[in-house]
Amino acid sequence: MPLSNKHLLGLQGVSKEDINLILDTAKTFREVLERPIKKVPTLQGKTIVNLFYESSTRTRISFELAEKRLSADTVNFAVSTSSVNKGESLKDTIRNIEAMKIDMVVIRHSAAGTPLYLTKVCDASIINAGDGIHEHPTQALLDMYSIRERAGKLKGLKICIVGDIAHSRVALSNVFGLITMGAKVSVCGPATMIPRRIDELGVNVIHDIDEAIQENDILNVLRIQLERKAGANFPSLREYATYFGITQDRLERNRKDILILHPGPINRGIEISSEVADGSDQIILTQVTNGVAVRMAVLYLLGTQN
Amino acid sequence: MKVILKDINLFHPAQNIDEKNTSVLLEDGKISKRGELSKDDIKDAKVFELKGKYVVPGFFDMHVHFREPGREDEETVISGSNSAANGGFTGVACMPNTEPAIDSAEIINFIKKQAKNHLVDVYPIAAATVGRKGKVLSPMAELGDAGAVAVSDDGVAIKSASILRRVLEYSKMYNIPVIEHCEDESLAGGAMNEGVNSTLLGLPPLPSVAEDLTVNRDILLAEYTGWKVHIAHISTKNAVRMVREAKQRGLNITAEATPHHFTLTDDLLKSYNTNLKMNPPLRTGKDVAEIIEGLKDGTIDCIASDHAPHSIEEKEQEFQNAPNGIIGLETEIGLTLSELYHKKILGLKEIVERLSVNPRKILNIPLPKFDLGETANFTILDLDLIWTVDATQFKSKSKNSPFDKRLLTGKSISTINNGKMFFEGEMITI
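The listed protein sequences correspond, in order, to chains E and X.
Residue numbers are given in the numbering used here: position 144 of the first sequence equals residue 158, and the series is strictly consecutive.
Residue numbers are given in the numbering used here: position 137 of the second sequence equals residue 231, and the series is strictly consecutive.
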């Protein structure tokens, strides 16, 4: 069964069937990653460009690894080394790359909607690796994969996304995907970091982290972006850590055997304490491994459509 | 030259003229006869058969951007005027956010020189502060003498309450109206209206309260200084309510709305089409409903396009990076007739008031009259013509319109002014 879309631009509007297909396919690739030789010939002869207009370490490496393990030919394009600095427009860049006969583009860009724009100016399959504060679908898929792997299901689970929701593409993709899969989603953070009218997406809004811990089965803790100045968005990192940080003490106080995800990179001692990050309950590093498998699944399903 | 407009409906509500199925004789661009015409009148005349068409006092758009000087690749005074004539306007007022800004008599004179001898009368609006920077008052007396019909820092609001206060006090001495782009600077900077759609699309949000706060500030300062403020491109429900209330209190506040703000909502932005990006941004259905209510009850005095040309290269980029603004002169009348007249929100009388009478009244420009001997200054409307917008046919140098390919009912089919007639895409000297 193929995916119903040629591109993966976000999880808004992606069906339950498609999400299940990706997650099930990822499971088979996850097994490949446990083999001594972690490579399959599935995308031999396909060319993929990783077009990163914004710095990224783990997402870029994860995609690159996924591509290599599927035997695709990959080209990396990073802004600092490209002709973008010479003033070339995005449209010309993508047209030029396409003229070199590529099959897929993995794009990360600081402006929301850029992946959609690419679908209009070129014929390749487009995979969104994060666009502005809009979506980051593969991150949400790997979060869902990791939850499903641990909890055995998504439907009916109570999942809370904690942190700077307003400036997070991970949060929005998780909201779309998890709601489609039948989970009960809430978000928790200071009111200044919750986007307006997010409740209309079917999300419960919480401002008390203890309540969030008590009421949920899983917390997905987002990074507080240090570059986002404290002072205007929230009073200080210290106040954030005190009132929203996940510490062992706080977990114990609230009962609780709770599964904690974090998309990384972690600010230890701010949104999550080292004790919790490194503790036995966390699946943070498993998430990273799962990320490769999920991206292999997406690349495979989109790359073998025709 | 003799021109006959035959079998027209002559409609000038301000002069109480409503004559059906009549004719007008023009000689050298002036009205020389109305009503039944003799054989002698018809002799040697160019006759336009216009049965059922309405001749109204030439429409006036008090908010356009002609990009000259500075961005002549996007629009010039001439191309903008051609666009206005094609859209059904015989007069426009152009905003000062050019490069350099219209803040000196020299630039006013330059624009007037460019516009000379055109069908369309172009009235410059000068910057309220030097360079539109909000620090130093522009030389308003001199600018007014040179021909500026108003002052505005459009593109942004006049920076601070203290400078706006001085602008109002000073402009009042010389009877110069102040036009405000209402947007609180500290809340500005977003790419679309803040709401559920900005949350869904991940675009930087621009809250409607940014407009409301400045409208409120401006109303209070207009009251305090005893002068007037015209609110440009009103777009929020609260702003309309505040203007309504200010009028009820007898304050000298006027307002305009654009066709896109009474036609479109931010639901459309999921396409990330940069031709839907403008400032103020498209708002919600509730805001649109209040604007329509405001147009109906007279809270909103006029319709203006905020015609803002941008090159393809500028618009064809990431949504966040694309500039604000769309062109509007050539779709304005079609949208007004389709959305307001045919939906029975405004009658033709109210439409003529909002597109011809009121903008001139606000800017102290005399209203064209239909009396014998007057220069013929007409817009000729086919109220029922069904047509499809085709951006490639625009006279504007730019094509950034979200209304391309839209089906509209009602159109201006001709404009006449200054001894010239625009008809079927051609400019004729009459």
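Every residue, glycine too, gets a C-beta built ideally from N, C-alpha and C.
Small disclaimer: the values here were computed from a predicted structure and weren't measured.
Compare the Cα-Cα distances from residue i to each of the options and report the closest residue.
i: X:Asn511; options: X:Ala221, X:Gly182 and X:Ala326; result: X:Gly182
i: X:Asp112; options: X:Glu121, X:Lys124, X:Gly129 and X:Arg338; result: X:Gly129
i: X:Ile125; options: X:Lys114, X:Ile172, X:Tyr148 and X:Val97; result: X:Val97
i: X:Glu288; options: X:Leu502, X:Asp360 and X:Lys253; result: X:Asp360
i: X:Lys253; options: X:Cys396, X:Ala351, X:Thr348 and X:Ala221; result: X:Ala221
i: X:His401; options: X:Val150, X:Glu121, X:Lys133 and X:Arg161; result: X:Arg161
i: E:Val119; options: E:Arg109, E:Ala125 and E:Ile280; result: E:Arg109
i: X:Met515; options: X:Glu433, X:Pro460, X:Thr469 and X:Ala108; result: X:Thr469
i: X:Asn176; options: X:Gly320, X:Leu314, X:Arg165 and X:Val214; result: X:Val214
i: X:Asp155; options: X:Phe488, X:Tyr268 and X:Glu426; result: X:Glu426
i: X:Asn291; options: X:Tyr366, X:Gly344 and X:His354; result: X:Tyr366
i: E:Val63; options: E:Glu48, E:Ala40 and E:Glu112; result: E:Glu112
i: E:Phe66; options: E:His123, E:Gly27 and E:Asn34; result: E:His123
i: X:Lys437; options: X:Arg338, X:Leu502, X:Gly174 and X:Asp247; result: X:Leu502
i: E:Thr133; options: E:Lys20, E:Ile173, E:Ala205 and E:Arg83; result: E:Lys20
i: X:Arg343; options: X:Pro353, X:Ala316, X:Leu363 and X:Asn369; result: X:Ala316
i: X:Thr234; options: X:Ile270, X:Glu200, X:Ile205 and X:Gly388; result: Checking the displayed sequence, the identity of residue 234 of chain X turns out to be Met instead of Thr. Closest option to X:Met234, Cα to Cα, is X:Ile270.
i: E:Ser287; options: E:Lys82, E:Tyr257, E:Leu315 and E:His148; result: E:Tyr257
i: E:Leu171; options: E:Glu68, E:Ile161 and E:Ile212; result: E:Ile161
i: X:Ala351; options: X:Ile397, X:Val382 and X:Trp321; result: X:Ile397
i: E:Ala42; options: E:Gly196, E:Leu84 and E:Arg211; result: The displayed chain sequence assigns Thr, not Ala, to residue 42 of chain E. Selected option, being the one with the closest Cα: E:Leu84.
i: X:Ile386; options: X:Lys227, X:Ile439, X:Asn103 and X:Ile205; result: X:Ile439
i: E:Ala125; options: X:Ala416, X:Leu429 and X:Trp481; result: X:Ala416
i: E:Thr303; options: E:Ile33, E:Gly24 and E:Arg44; result: E:Arg44
i: X:Ile524; options: X:Asp138, X:Ala108, X:Glu412 and X:Thr116; result: X:Asp138
Rounded C-beta distance between residue i and residue j? I'm assuming under 8 angstroms.
i: X:Val451; j: X:Glu384; result: About 23 angstroms separates the two Cβ atoms, so there is no contact after all.
i: X:Val158; j: X:Val141; result: The pair is not a contact, with the Cβ atoms about 33 angstroms apart (cut-off 8 angstroms).
i: E:Leu275; j: E:Ile260; result: Between E:Ile260 and E:Leu275 the Cβ distance is about 11 angstroms, and since that is not below 8 angstroms, they are no contact.
i: E:Arg264; j: E:Ile227; result: 7 angstroms
i: X:Val526; j: X:Val272; result: No information on residue 526 of chain X is available, as it lies outside the stretch 95 to 524 that chain X covers here.
i: E:Ile8; j: E:Asn230; result: No information on residue 8 of chain E is available, as it lies outside the stretch 15 to 320 that chain E covers here.
i: X:Ser329; j: X:Arg377; result: 5 angstroms
i: X:Ala326; j: X:His275; result: 5 angstroms
i: X:Gly164; j: X:Ser490; result: 16 angstroms between Cβ atoms; not a contact.
i: X:Ile536; j: X:Asn494; result: Outside the displayed range of chain X (95 to 524) lies residue 536 of chain X, so it cannot be described from this structure.
i: E:Ala143; j: E:Thr73; result: 5 angstroms
i: E:Val312; j: E:Ile36; result: 6 angstroms
i: X:Trp321; j: X:Ser265; result: 7 angstroms
Provide the residue(s) that pair with residue i in DSSP beta bridges, ordered along the chain.
i: E:Asn304; result: E:Asn304 is not bridged to any residue.
i: E:Arg122; result: E:Phe66
i: X:Trp321; result: X:Trp321 pairs with nothing; no bridge assigned.
i: X:Cys276; result: Per DSSP, none; premise fails for X:Cys276.
i: X:His401; result: X:Val158
i: E:Asp87; result: E:Thr61
i: E:Ser139; result: E:Met118
i: X:Thr473; result: X:Val150 and X:Thr509
i: X:Leu502; result: X:Trp481
i: X:Asn287; result: X:Leu300
Is residue i helix, strand or coil when you go by DSSP?
i: X:Thr357; result: helix
i: X:Met189; result: coil
i: E:Val200; result: Note that residue 200 of chain E is Ser in the sequence shown here, rather than Val. Strand.
i: X:Lys380; result: helix
i: E:Leu22; result: strand
i: X:Pro233; result: coil
i: X:Phe464; result: coil
i: X:Asn332; result: helix
i: E:Phe77; result: helix
i: X:Val141; result: strand
i: E:Thr133; result: helix
i: X:Lys114; result: strand
i: X:Asp478; result: strand
i: X:Met267; result: helix
i: E:Ala92; result: strand
i: X:Tyr217; result: strand
i: E:Met8; result: A query on residue 8 of chain E cannot be resolved here, the shown segment of chain E reaching from 15 to 320 and no further.
i: X:Asn103; result: strand
i: X:Gly525; result: Because chain X in this structure spans residues 95 to 524, residue 525 of chain X falls outside the shown range and cannot be described.
i: E:Asp145; result: strand
Could you check if residue i belongs to the surroundings of the ligand MN, using beta carbon to heavy atom distance under 7 angstroms?
i: X:Gln342; result: Looking for the ligand MN in the displayed structure turns up nothing, as the structure carries no ligands at all.
| Which runs of the alpha helix (DSSP H) spanning at least 4 residues fall entirely within the region 221–278 of chain E, listed in chain order? | 223–229, 251–258 and 262–267
| query | Quick one: complete alpha helix (DSSP H) runs, 4+ long, within the region 407–457 of chain X? | reply | 426–430, 442–446 and 452–456
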